[in-house]
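**Q** Here you go, one structure.
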Amino acid sequence: MSGHGDPIPMVSRKGSALSGEARVPGDKSISHRALILGALSVGRTEITGLLEGQDVLDTAKAMRAFGATVTQHGPGHWSVEGVGVGGFAEPADVIDCGNSGTGVRLIMGCMATSPISATFTGDASLRKRPMGRVTDPLALFGARAYGREGGRLPMTVVGAAEPVPVTYTTPMASAQVKSAVLLAGLNAPGETVVIEKTPTRDHTERMLRGFGAEVTAEVTPEGNRITLKGQPELAAQTVAVPRDPSSAAFPVCAALLVPGSDILVPGVSQNPTRNGLFLTLKEMGAQIDFLNEREEGGEPVADLRVRYSELSGITVPAARAASQIDEYPVLAAVAACARGTTVMPGVHELRVKESDRIDAMARGLEACGVTVEEDDDTLIVHGLGPDGVPGGATVATHIDHRIAMSFLVLGLAAQQPITVDDGAPIATSFPVFEALMRGLGATITRAD
Numbered sequence: 001m002s003g004h005g006d007p008i009p010m011v012s013r014k015g016s017a018l019s020g021e022a023r024v025p026g027d028k029s030i031s032h033r034a035l036i037l038g039a040l041s042v043g044r045t046e047i048t049g050l051l052e053g054q055d056v057l058d059t060a061k062a063m064r065a066f067g068a069t070v071t072q073h074g075p076g077h078w079s080v081e082g083v084g085v086g087g088f089a090e091p092a093d094v095i096d097c098g099n100s101g102t103g104v105r106l107i108m109g110c111m112a113t114s115p116i117s118a119t120f121t122g123d124a125s126l127r128k129r130p131m132g133r134v135t136d137p138l139a140l141f142g143a144r145a146y147g148r149e150g151g152r153l154p155m156t157v158v159g160a161a162e163p164v165p166v167t168y169t170t171p172m173a174s175a176q177v178k179s180a181v182l183l184a185g186l187n188a189p190g191e192t193v194v195i196e197k198t199p200t201r202d203h204t205e206r207m208l209r210g211f212g213a214e215v216t217a218e219v220t221p222e223g224n225r226i227t228l229k230g231q232p233e234l235a236a237q238t239v240a241v242p243r244d245p246s247s248a249a250f251p252v253c254a255a256l257l258v259p260g261s262d263i264l265v266p267g268v269s270q271n272p273t274r275n276g277l278f279l280t281l282k283e284m285g286a287q288i289d290f291l292n293e294r295e296e297g298g299e300p301v302a303d304l305r306v307r308y309s310e311l312s313g314i315t316v317p318a319a320r321a322a323s324q325i326d327e328y329p330v331l332a333a334v335a336a337c338a339r340g341t342t343v344m345p346g347v348h349e350l351r352v353k354e355s356d357r358i359d360a361m362a363r364g365l366e367a368c369g370v371t372v373e374e375d376d377d378t379l380i381v382h383g384l385g386p387d388g389v390p391g392g393a394t395v396a397t398h399i400d401h402r403i404a405m406s407f408l409v410l411g412l413a414a415q416q417p418i419t420v421d422d423g424a425p426i427a428t429s430f431p432v433f434e435a436l437m438r439g440l441g442a443t444i445t446r447a448d
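Residue numbers are given in UniProt numbering: position 313 of the sequence shown equals residue 313, and the series is strictly consecutive.
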């Protein structure tokens with residue numbers, strides 16, 4: 001059952017070729033950070049293109065609870081009157097972050113070096129996810145966390161009254177952990193340093209610089225070393241949020257799988273820490289053209305023209321995992337329709353997302369007639385080629401938006417319709433998914 005209401009079973013089936021323009025929503029990662037950094041700034045930050053999915057709306061509510069004035073002026077147009085670094089007030093109630101691991105972990109970071117306390121919770125999925133990966137480094141600043149066994153929500157974080165700067169090497173490739181530490185470092189004296197062995201999405205560093213923080217990054221023998229000078233005065237900005245590559249993945253992959261399809265997906269972020277899926281698809285034989293390449297809001301973007309392609313399985317470089325970590329579920333669906341075997345190593349992080357995404361995709365693909373192998377860190381899909389996936393199954397989504405959308409994409413190419421048990425979580429990241437896909441010609445409907 002979804003944490004945001006009753007389950008909404010959905011079904012997808014073969015239909016006509018997809019065509020038209022797919023204007024996907026604003027980038028979720030950047031939307032979260034725009035609200036948070038706006039709240040930590042002095043003055044009025046104007047945001048256009050903000051993703052209005054439930055995850056981001058929950059972050060907006062949280063920023064209000066910490067004292068910022070957050071206002072919606074129209075579709076995608078929001079403003080934030082900030083309280084400045086160190087200016088958060090203690091919230092009067094529990095902070096409910098819904099389904100969002102990004103939201104809760106970044107918010108914990110930005111309040112952990114202020115002398116306030118806050119209690120965090122979320123839906124059934126978020127309450128299963130590990131928070132120790134964030135609260136452990138926050139404890140080095142002087143913050144304390146009290147949660148359920150295993151470091152899970154609900155959890156109360158007591159911020160450090162006299163924070164100290166930290167040098168921290170991330171034990172896993174996680175932009176959420178890196179970002180939480182950097183945001184905590186804003187209100188600590190001196191320099192806070194994060195060392196990551198594998199580079200992860202760099203939106204936090206880019207946006208911190210845009211708001212006036214002093215942030216440097218250098219490649220060292222230890223890894224990518226990011227240094228933040230603490231206690232800056234952040235200045236309000238105008239932020240234009242580019243379109244989300246993780247959302248674009250679904251119409252892109254659908255067009256690749258449905259014969260005769262030819263679509264345009266405009267204005268998609270091409271940040272090199274986020275574009276791994278598109279590189280992988282090209283290596284599999286995808287016809288994707290990157291048109292009108294430009295920069296918007298400090299991020300590289302391009303218009304994507306995508307045409308139906310017969311794809312071949314490949315071994316995806318493990319080093320690419322961080323740049324496409326959220327796209328592996330839909331890549332697994334694509335791999336099922338490719339000729340040959342696709343090997344996806346280095347994907348352990350999928351085990352601790354909104355669901356265990358390796359298990360969820362493996363079980364769902366098996367139910368649809370696809371042979372899958374897995375271990376703790378690898379997913380292998382033995383593709384059946386175009387028109388080879390039997391389908392005909394009802395798949396458990398485990399309150400995970402990306403599992404739901406991935407199987408709805410696969411259903412467009414399978415021999416028999418594919419049903420997902422709950423499409424309601426899709427609203428957390430891609431609230432217009434159903435309408436957008438149907439507008440392209442996809443046969444996706446609510447199940448009876």
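Here a beta-carbon is modelled for each residue, glycine too, at the ideal position from N, C-alpha and C.
Keep in mind it's a predicted model, so treat the numbers as computed, not measured.
In the DSSP assignment, the alpha helix (DSSP H) including residue 457 goes from what residue to what residue?
**A** For the chain, the structure presents residues 1 to 448; residue 457 sits outside this window and is missing.
**Q** What would DSSP say about Arg274, mapped onto helix, strand or coil?
**A** The answer is coil: DSSP assigns Arg274 none of H, G, I, E or B.
**Q** Within the region 335 to 370, note down every full alpha helix (DSSP H) run reaching 4 residues or more, in order along the chain.
**A** Counting whole runs of 4 or more residues, the region 335 to 370 contains the alpha helix (DSSP H) stretches 357 to 367.
**Q** Within 10 angstroms of the Cβ of His77, are there 16 or more other Cβ atoms? Answer buried if so, exposed if not.
**A** Exposed.
**Q** Considering Cα atoms alone, identify which of Thr192, Leu440, Phe211 is closest to Leu228.
**A** Closest option to Leu228, Cα to Cα, is Thr192.
**Q** With Ala332 and Pro7 assumed to form a contact (beta carbons below 8 Å), what rounded beta-carbon distance in angstroms separates them?
**A** In fact, because the Cβ distance is near 23 Å, the residues do not count as touching under 8 Å.
**Q** Would you report the Cα separation of Leu257 and Leu140, rounded to the nearest angstrom?
**A** Roughly 48 Å between the two C-alpha positions.
**Q** Alpha carbon to alpha carbon, how far is Thr443 from Asp202?
**A** Cα-Cα distance, rounded: 36 Å.
**Q** Grouping DSSP H, G and I as helix and E and B as strand, with all else coil, what is Tyr168?
**A** Strand at Tyr168.
**Q** Reducing DSSP to helix, strand and coil, say where Ser19 ends up.
**A** In this structure, Ser19 counts as strand in the three-state DSSP scheme.
**Q** Going by beta-carbon coordinates alone, are Gly159 and Ile107 separated by less than 8 Å?
**A** Their beta carbons are not under 8 Å apart, which means Gly159 does not touch Ile107 by this criterion.
**Q** For a test of the three-state rule: what should DSSP assign to Gln287, helix, strand or coil?
**A** Strand, per DSSP.
**Q** If you follow the alpha helix (DSSP H) that Ser406 is in, where does it begin and where does it stop?
**A** From DSSP, the alpha helix (DSSP H) with Ser406 extends over 401 to 411.
**Q** Output the distance between the C-alpha atoms of Ser2 and Lys128, rounded to the nearest integer angstrom.
**A** In this prediction, Ser2 scores a pLDDT of 38, lower than 50, which makes its location untrustworthy; the coordinate-derived value is nonetheless stated afterwards. Cα to Cα, Ser2 sits roughly 14 Å from Lys128.
**Q** Can the beta-carbon of Pro165 be found closer than 8 Å to that of Gly230?
**A** Closer than 8 Å, so yes.
**Q** Quick one: Cα of Gly298 to Cα of Thr394, how far?
**A** Each residue's alpha carbon lies about 42 Å from the other.
**Q** May I ask you to list the residues that DSSP assigns as paired with Lys229?
**A** Lys229 is bridged to Glu191.
**Q** Specify whether the region 249 to 269 and the region 321 to 332 touch according to this definition: at least 3 beta carbon pairs, one from each stretch, less than 8 Å apart.
**A** They touch, by the three-pair rule.
**Q** The alpha helix (DSSP H) that contains Ile36, what's its start and end?
**A** Residues 28 to 39.
**Q** Answer yes or no: do Ser31 and Val241 have a C-beta to C-beta separation smaller than 8 Å?
**A** The answer is yes: Cβ separation under 8 Å.
**Q** Run the CB neighbour count on Pro329, radius 10 Å, all protein chains shown included, and call it buried at 16 or more, exposed below.
**A** So Pro329 ends up on the buried side.
**Q** Considering only residues of the same chain and omitting the five flanking positions on each side of Val389, which have a CB-CB separation below 8 Å?
**A** Excluding positions up to five away in sequence, the list reads Ala336, Cys337, Cys368, Gly369, Val370, Leu410, Ala413, Ala414, Gln415.
**Q** With a 10 Å radius around its C-beta and 16 neighbouring C-beta atoms as the bar for buried, classify Arg274 as buried or exposed.
**A** Arg274 should be labelled buried.
**Q** If you scan the region 235 to 275 from start to end, which runs of the alpha helix (DSSP H) of 4 or more residues do you find wholly inside it?
**A** You should have 245 to 257.
**Q** Between Glu218 and chain D, is the shortest Cβ-Cβ distance under 8 Å, so that the two count as touching?
**A** Among the protein chains of the structure shown there is no chain D, as only one such chain exists.
**Q** I need the straight-line Cα distance from Leu208 to Asn271, nearest angstrom please.
**A** Those two C-alpha atoms are separated by around 16 Å.
**Q** Put Ala333 into one of helix, strand or coil per three-state DSSP.
**A** It is helical.
**Q** When you compare only the Cα positions, how much space is there between Thr428 and Asp448?
**A** One C-alpha to the other measures close to 23 Å.
**Q** Measuring CB atoms only, is the region 429 to 436 touching the region 395 to 409, in the sense that at least three cross pairs come out at less than 8 Å?
**A** Yes, since at least three Cβ pairs between the region 429 to 436 and the region 395 to 409 fall closer than 8 Å, the two stretches touch.
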